[in-house]
Amino acid sequence: MSKIFVNARIIDPVTSYDKKGSLLIHGDKIVGYGEHMEAPEGALVIDCGGKVLCPGFIDMRAHAVDPIAAPAGGITTVILQPDQNTMIDTDAVVERIRRRAEDGGSSRVYPMGTATRGMEGSQIAEIGQMQQSGAVAFTDCRKAIADAQVLRRLLEYAGYFNALVVQFPEEASLAAGGVAHEGETATRLGFAGIPSAAEAMQIERDTRLALLTGGRIHFALISSREGVEAVREAKAKGAKVTCSTAPHYLLLNDNALEGYRTFAKVSPPLREEEDRLALIAGIADGTIDTLVSDHDPKSADVKRLPFAQADHGIIGFETLLPLSLTPVHAGKVDLMVALRALTSTPAALLGLETGTLAKGAPADITIFDLNKPLRINVDELHSSAKNTPFDSLPVQGKVWKTLVGGEILFGKDA
Numbered sequence: 001m002s003k004i005f006v007n008a009r010i011i012d013p014v015t016s017y018d019k020k021g022s023l024l025i026h027g028d029k030i031v032g033y034g035e036h037m038e039a040p041e042g043a044l045v046i047d048c049g050g051k052v053l054c055p056g057f058i059d060m061r062a063h064a065v066d067p068i069a070a071p072a073g074g075i076t077t078v079i080l081q082p083d084q085n086t087m088i089d090t091d092a093v094v095e096r097i098r099r100r101a102e103d104g105g106s107s108r109v110y111p112m113g114t115a116t117r118g119m120e121g122s123q124i125a126e127i128g129q130m131q132q133s134g135a136v137a138f139t140d141c142r143k144a145i146a147d148a149q150v151l152r153r154l155l156e157y158a159g160y161f162n163a164l165v166v167q168f169p170e171e172a173s174l175a176a177g178g179v180a181h182e183g184e185t186a187t188r189l190g191f192a193g194i195p196s197a198a199e200a201m202q203i204e205r206d207t208r209l210a211l212l213t214g215g216r217i218h219f220a221l222i223s224s225r226e227g228v229e230a231v232r233e234a235k236a237k238g239a240k241v242t243c244s245t246a247p248h249y250l251l252l253n254d255n256a257l258e259g260y261r262t263f264a265k266v267s268p269p270l271r272e273e274e275d276r277l278a279l280i281a282g283i284a285d286g287t288i289d290t291l292v293s294d295h296d297p298k299s300a301d302v303k304r305l306p307f308a309q310a311d312h313g314i315i316g317f318e319t320l321l322p323l324s325l326t327p328v329h330a331g332k333v334d335l336m337v338a339l340r341a342l343t344s345t346p347a348a349l350l351g352l353e354t355g356t357l358a359k360g361a362p363a364d365i366t367i368f369d370l371n372k373p374l375r376i377n378v379d380e381l382h383s384s385a386k387n388t389p390f391d392s393l394p395v396q397g398k399v400w401k402t403l404v405g406g407e408i409l410f411g412k413d414a
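Letter by letter, the sequence shown follows residues 1 to 414 of the numbering used here.
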């Protein structure tokens, strides 16, 4: 069946197209878009009322699938981290996740496989086999590969498959025992600190290895001014380096820890105001390539503990859009840039067919009201847990409809 979406502000970050018009899909594919599209006979006509229509969001970093929350957040593709109850470190586990995801009726799910066996940092995992089974990148999740020789061999080996290596930007020995950013707030609250230097040091070392091997490396969750500067310098040197951050680093600094608020305990930690501003500037100028949710549902049992004992982690699927739009509404980041970081860039990094509105592309589409004012209400979120520091925060931007393969998964009644 054909569907035509009319009266939409169509934005395709791949081509920088941004005009009012219509988009036609047939079955699970996009037929085309433009200012004067005609509806075929029998097509379902959906009036978007001037809302933004863009490629579906691709979330490059999630620790859980949360099948209702993801489409409610406009996310059509979830990239699952390997730190699951059954670690994603073999082709058999990858195949099982992909088969389960292909059942339909939910966002697409692609796993990242482990970079080293058991995420122990010593033996390279079977990257080739996992890639053939559907793994889109390889990472040891929150463990940076400490051994330089292992990372060098990994980058060389991954290069044979054009595979993306994702590294957590934190030098483990310098960060050991830390639970918050090393600064005035941590000192006053009595927290062991993690200095920004731990992030920059890891990026600088790994950049040298990327230059040495010619391999591709992506740094997950940049959190500091020093980290942004290190990535900017790496790109200037010609290294095949990309990076991401999450919206909570764009909105919060370590003052959010006041009152020992464990819902603001994340990894890497929230840092100082100068870091927050540097991250926004890094998104704006393209130093930071992608925005991710780092969606990590945690129960109250592991969050409502003394700060040092509480788990880190934050839910992010349903807040990804409105929080990412906050610097857009503030005039700090262009809307096209923000959407590119959520759609076409992650698709390009991971080799996915989605992230575009091109003719013949999968009909993975997000439609949202750019200026809709709302207040985040944790009781209305669909996530399997409620661990967010953004409850009651006023924001702008609300998902209206989410389509995966032409099927409306969210907003059927809107």
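Heads up, the beta-carbon is just placed ideally off N, CA and C, and yes, glycines get one too.
Cβ-heavy atom distance, residue i to the ligand FMN, below 7 Å
| i | result |
| --- | --- |
| residue 197 | This structure lacks the ligand FMN, and indeed carries no ligand of any kind. |
Helix, strand or coil at residue i according to DSSP, with G and I counted as helix
| i | result |
| --- | --- |
| residue 200 | helix |
| residue 362 | strand |
| residue 135 | coil |
| residue 34 | strand |
| residue 207 | helix |
| residue 374 | strand |
| residue 309 | coil |
| residue 394 | strand |
| residue 415 | Here the chain comprises residues numbered 1 to 414, so residue 415 is not present and cannot be evaluated. |
| residue 110 | strand |
| residue 99 | helix |
| residue 296 | coil |
| residue 173 | helix |
| residue 123 | coil |
| residue 433 | The chain is shown from 1 up to 414; residue 433 falls before or after that span and cannot be answered. |
| residue 265 | coil |
| residue 162 | coil |
| residue 285 | coil |
| residue 7 | strand |
| residue 25 | strand |
| residue 148 | helix |
| residue 290 | strand |
| residue 179 | coil |
| residue 44 | strand |
8 Å contact criterion, which residue i and residue j should meet: CB distance rounded
| i | j | result |
| --- | --- | --- |
| residue 322 | residue 398 | 7 Å |
| residue 71 | residue 107 | 6 Å |
| residue 264 | residue 270 | 6 Å |
| residue 150 | residue 158 | Their Cβ separation, rounded to whole angstroms, is 12 Å, which puts residue 150 and residue 158 out of contact at 8 Å. |
| residue 212 | residue 247 | Actually they do not touch by this definition, with Cβ atoms about 34 Å apart. |
| residue 93 | residue 101 | Contact flag wrong, Cβ pair sits at about 13 Å. |
| residue 18 | residue 384 | Contact flag wrong, Cβ pair sits at about 35 Å. |
| residue 335 | residue 328 | 5 Å |
| residue 390 | residue 74 | That pair is no contact at about 16 Å. |
| residue 50 | residue 7 | 6 Å |
| residue 115 | residue 154 | 6 Å |
| residue 267 | residue 61 | Their Cβ separation, rounded to whole angstroms, is 12 Å, which puts residue 267 and residue 61 out of contact at 8 Å. |
| residue 420 | residue 231 | Outside the modelled stretch of the chain, which goes from 1 to 414, sits residue 420, for which no answer is possible. |
| residue 239 | residue 207 | 5 Å |
Pair within 8 Å by beta-carbon distance, residue i and residue j
| i | j | result |
| --- | --- | --- |
| residue 33 | residue 23 | yes |
| residue 54 | residue 11 | yes |
| residue 310 | residue 262 | yes |
| residue 364 | residue 56 | yes |
| residue 344 | residue 13 | yes |
| residue 193 | residue 182 | yes |
| residue 354 | residue 76 | yes |
| residue 415 | residue 358 | Residue 415 lies beyond the range of the chain shown here (1 to 414); nothing can be said about it. |
| residue 416 | residue 95 | The structure shown has nothing for residue 416, since the chain only spans 1 to 414. |
| residue 275 | residue 223 | yes |
| residue 405 | residue 103 | no |
| residue 64 | residue 295 | yes |
| residue 138 | residue 113 | yes |
| residue 388 | residue 315 | yes |
Residue i, buried or exposed, once every other Cβ within 10 Å from all chains shown has been counted against 16
| i | result |
| --- | --- |
| residue 168 | buried |
| residue 171 | buried |
| residue 326 | buried |
| residue 346 | buried |
| residue 191 | buried |
| residue 298 | buried |
| residue 253 | buried |
| residue 282 | buried |
| residue 160 | exposed |
| residue 188 | exposed |
| residue 272 | buried |
| residue 305 | exposed |
| residue 1 | exposed |
| residue 293 | buried |
| residue 286 | exposed |
Contiguous alpha helix (DSSP H) assignments of at least 4 residues, all confined to the region 316-364: The DSSP assignment places complete alpha helix (DSSP H) segments of no fewer than 4 residues inside the region 316-364 at 320-329, 335-342 and 344-350, in order along the chain.
Jot down the residue ranges of each uninterrupted alpha helix (DSSP H) in the region 46-104, minimum 4 residues, whole runs only, in chain order. If we require 4 residues or more, the alpha helix (DSSP H) runs fully inside the region 46-104 come out as 69-72 and 91-101.
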